[in-house]
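J.:
Residue numbers (our numbering): 1 to 112.
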């Protein structure tokens, strides 16, 4: 075709002058705040697992006491165990909030 120029394939060149080696991909950094945030949640799951472990291995403990109280319809004991778990969650969340202020000074409670 007249008027059209064809492209020639270029010969492969060596590394360009001034070119850098490719960087390895960045790994995400684990944030201590996210690990601390999961602490109360993981501890409540551990308490739930404690009930199962105590029942399976017939160990006396708070989980075993809870199951025995439910089976015998001893409601004050059931209420107390749930109160203990709720108090633990509240204290753990408060502790996480305090630790946030120590780790990251930008997180604070006070006037704006």
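Cβ atoms here follow ideal geometry from the backbone N, Cα and C, with glycine treated the same way.
Spatial neighbours of residue 52 within its chain, please: C-beta separation below 7 Å, excluding the five flanking residues on both sides.
T.: Excluding sequence neighbours, residue 52 sits near nothing in its chain.
J.: If residue 78 and residue 70 are in contact, beta carbons under 8 Å, what's the gap, nearest whole angstrom?
T.: That pair is a contact at about 6 Å.
J.: With H, G and I counted as helix, E and B as strand and the rest as coil, what does DSSP make of residue 93?
T.: It is helical.
J.: Determine the DSSP secondary structure at residue 42, reduced to helix, strand or coil.
T.: Three-state result, residue 42: helix.
J.: Does the count of Cβ pairs from the region 90-97 and the region 36-45 closer than 8 Å reach three?
T.: Segments in contact, yes.
J.: Smallest Cα separation from residue 54: which of 45, 66 and 44?
T.: Selected option, being the one with the closest Cα: 66.
J.: If you compare alpha carbons, which of 20, 22, 23 and 32 is closest to residue 102?
T.: The residue with the shortest Cα to Cα distance from residue 102 is 32.
J.: DSSP state of residue 81, grouped into three classes?
T.: It is helical.
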